[in-house]
Amino acid sequence: MNNITKQFLNRYFALTIIWFGWQSLVFADEPAPAEPPVTKSDRQHWAFQPLTHPMPPAVRNRDRCRTAIDRFVIGKLGDAKLPLADEAERSTLLRRVCFDLIGLPPNDDLQDDALNNTEPDWYERLVDRLLASPHYGERWAQHWLDVARFADTDGFEHDHVRPQAWRFRDWVIGAFNRDLPLDEFLRQQLAGDELHPCDESALIATGFLFCGPDMPDINLQDERRLTFLNDMTGTVGAVFLGLQMGCAACHDHKYDPISQLDFYRLRAFFDVEPLFDPHPQFGMVMREKTATPPTSRLFERGDFRRPGPIVLATFPRIADPHNTPLGHTNDAERKTSGRRSALAHWLTTSDNALAARVLANRVWQGHFGRGLVETANDFGVMGAPPTHPELLDWLASEVMGRGGDGETGRPVAWSLKRLHRLIVTSSVYRQGSHQRLESSDRFENNTTKLLARFPRQRLDGEQIRDAMLSASGQLNRQMHGPGIRPPLPNEIVRTLLKNQWPVTPEADQHTRRSTYLFVRRNLRYPLFEAFDKPDGNASCPRRNVSTIAPQSLLLLNGNDAVQAARMLAEQLQLAASYNSDSAIESIYRAVLNRRPTPDELAAAARFLTDSNTLADLCLAMFNLNEFVYVD
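Numbering (my numbering), first residue to last: 455 to 1085.
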């Protein structure tokens, strides 16, 4: 590089620094931009209306009503002249509720009990047994980790490992298993360090705020800070309030009554110093170290080089019709600003209709595959309206304990397990997935949305892997701890950078439950990627359900399926009572969780006589539609 070039570059960089510095001063002195008011018309949108606790409607066929949920759904079906489908068979219902509540297939003991139990409350007892299982927390944690955008790495080009990220995953599992009240579950993730300063568990909970992608080695740390805080703010808005706040980082929202100032006021709750200060034991968690918060600003067009007017932490106007004051944040004894704890309490008050509706809708979606509001992260104008608005409000009220326990009449506030029980013991949940009606698009659409039958659901990639491990007797049920890395196919290993996927040396760890597999943003486990696991770069309110060729190829030729088929066949061949008929029945019970019909038994026997091995039959069973889908 010659002297003339050096002089030019030096002058260019000097002028650039002066320019951006001048811009910062100009924009910092500018008054706040004009903010569109939240109008009466804006507040007429269904999601912003006050929460009600509607009375379940009276219905004619009361014999089908086990819970209030049934009355809401049957009443709606009556308006559409549609009946509720007949109750599902026991074996179908058993498989459905097991995969739903614990994410695993029913073992032989559960199958025998369900098929032979003559007690009228056999199903309710089964539900209680599943909710008490430690596997319940493992299953339902996955739903929350999707919306939290959880991963064990940073993402972007280098995708650096976060050695302690798994602690947040384990916290979520533990919180669900001990039925931590949902209001406390939400509050700790926003402000556990402020609410319980001596509780390490509550500190780990704030890892929710740091789950998103990050670029720690970026040259411009101010840009990193702005990008990370904007993502954090947008995620909190979508996950807790069902509002697409992220749009307003650069401009007023085009459809919803959310201004750019609304966004940066919400962002100010999380604007702390230092932001990126990993805890030596727990990794990235929120540790606000002073009661005096830094000055927060609006950034023009979302550009970190254009700081604008000062903003103060304030609740989003459209979600706060009463203009709730933030409260005292300068208490002399307080070691933090207290802003996030104020936000956490506001979100979980009985007056916050939006947050309760969003939460109740997520739980419903977890059971039926589709929420009463189909757009779980968007309750705004462009989101889908609720199919059953009265039921949604009733569920939201039940979440907060406005209703009462069915046995004692006393309110039971914020219990997730109680809400599960209300839903899965209803006749709506227990109905079959097949309904014979007039063949028309109108009826097909209505039966799905109005719940005139239970919607068939495909297992996700984690459930498919766990089901194959369980069926073949390989599943290691050890809980908690750092993510494990099972071997990958050679064709994938050859494309990786050095140490990008170091295989866990202990072979018995490779068959741990899928919840505990290491989550790398830039490299998803092949089976999970084929079956639509999100990459963790953004909050995923509802997984995509695709049908692509790699799914069939992985189930037919992939290491997971082939190994599981071999192991299942070996176990059956080693059994003392081995014969072809008993082996076939055992395969059906292990893979499809039911006994074969006489025709199926005969077909499988013919398959084995045509020079096919028992392992071939097991692999064929793993490739059945019935294995991948739950009726």
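For each residue, glycine too, the CB sits at the ideal point set by N, CA and C.
From the beta carbon of residue i, is the nearest beta carbon of chain C less than 7 Å away?
| i | result |
| --- | --- |
| V947 | This model lacks chain C altogether; it includes just one protein chain. |
Between which two residues does the beta strand (DSSP E) harbouring residue i extend?
| i | result |
| --- | --- |
| G762 | P761 to V765 |
| F753 | S750 to F753 |
I'd like to check one pair, residue j with residue i: are the Cβ atoms closer than 7 Å?
| i | j | result |
| --- | --- | --- |
| E742 | T778 | no |
| V527 | L905 | yes |
| G666 | R603 | yes |
| A659 | Q642 | yes |
| E654 | R794 | no |
| L663 | T802 | no |
| R721 | T768 | no |
| P588 | N631 | yes |
| L715 | E489 | yes |
| A984 | L1010 | no |
| N930 | T969 | no |
| N684 | A702 | no |
| R623 | F736 | no |
| N991 | G609 | yes |
| N815 | L808 | no |
| V551 | V878 | yes |
| I556 | Y590 | yes |
Which one or two residues does DSSP pair with residue i in a beta bridge?
| i | result |
| --- | --- |
| I938 | L971 |
| H799 | Partner(s): none; H799 has no beta bridge. |
| D1025 | Sequence check: residue 1025 is Gln here, not Asp. Q1025 pairs with nothing; no bridge assigned. |
| R966 | N930 |
| Y1083 | R912 |
| E541 | Q885 |
| P1007 | The sequence given here places Leu at residue 1007; Pro does not occur at that position. In the DSSP output, where bridge partners are listed per residue, L1007 has none listed. |
| L905 | For L905, which the question treats as bridged, DSSP gives no partner whatsoever. |
| T607 | V615 |
| L977 | R974 |
So, with DSSP's three-state summary, where would you put residue i?
| i | result |
| --- | --- |
| H614 | coil |
| N784 | In this prediction, N784 scores a pLDDT of 47, lower than 50, which makes its location untrustworthy; the coordinate-derived value is nonetheless stated afterwards. Of the three classes helix, strand and coil, the one that applies to N784 here is coil, per DSSP. |
| G792 | coil |
| Q698 | coil |
| G737 | strand |
| L1078 | coil |
| T778 | coil |
| L1073 | helix |
| L729 | coil |
| E505 | For the sequence presented, residue 505 should be read as Leu rather than Glu. It is coil, neither helix nor strand. |
| T681 | helix |
| V690 | helix |
| V1086 | As displayed, the chain neither begins before 455 nor continues past 1085, which places residue 1086 out of reach and without an answer. |
| S1031 | coil |
| D920 | helix |
| I672 | coil |
| Y577 | helix |
| F662 | helix |
Could you check where the alpha helix (DSSP H) with residue i kicks off and where it finishes?
| i | result |
| --- | --- |
| N1066 | Segment: none, N1066 is in no alpha helix (DSSP H) and carries neither H nor E. |
| L951 | Premise fails: L951 is in no alpha helix (DSSP H) and is neither H nor E. |
| Q643 | L636 to L649 |
| A722 | Q714 to A722 |
| H874 | L870 to V878 |
| N815 | A807 to F822 |
| V551 | R544 to L555 |
| A830 | It is not in any alpha helix (DSSP H) - A830 carries neither H nor E in the DSSP assignment. |
| F982 | P980 to A984 |
| D989 | Neither: D989 is in no alpha helix (DSSP H) and is coded neither H nor E. |
| W848 | P843 to M854 |
| V1045 | S1034 to V1045 |
| K530 | A522 to D533 |
| P1171 | Since the first residue of the chain shown is 455 and the last is 1085, residue 1171 is not available in this structure. |
| V431 | Since the first residue of the chain shown is 455 and the last is 1085, residue 431 is not available in this structure. |
| W500 | First-last for W500: undefined, no H or E at that position. |
| F622 | W620 to N631 |
| D657 | A small correction: the amino acid at residue 657 is Leu; Asp does not occupy that position in the sequence shown. Taken as a continuous stretch (DSSP letters only), the alpha helix (DSSP H) holding L657 covers E654 to A659. |
| L564 | D562 to N570 |
Considering only heavy atoms of the ligand HEM, does any lie closer than 6 Å to the CB of residue i?
| i | result |
| --- | --- |
| F604 | Judged by which ligands are present, the structure shown has none, so any question about the ligand HEM falls away. |
*Between the stretch 839 to 856 and the stretch 503 to 517, do three or more beta carbon pairs fall short of 8 Å?*
yes
*Count the CB pairs spanning the stretch 828 to 845 and the stretch 483 to 501 that are closer than 8 Å, and state whether there are at least three.*
yes
*Count the C-beta pairs between the stretch 1034 to 1053 and the stretch 544 to 552 that are closer than 8 Å, then say yes if the count reaches three, no if not.*
yes
*Is it a yes or a no for the stretch 956 to 965 touching the stretch 922 to 939, going by three-plus beta-carbon pairs under 8 Å?*
yes
*Could you say if the stretch 588 to 598 and the stretch 973 to 982 meet the contact criterion of at least three C-beta pairs nearer than 8 Å?*
no
_Tell me whether the stretch 1060 to 1077 and the stretch 1015 to 1026 touch, counting them as touching only if at least three CB pairs, one residue from each stretch, are closer than 8 Å._
yes
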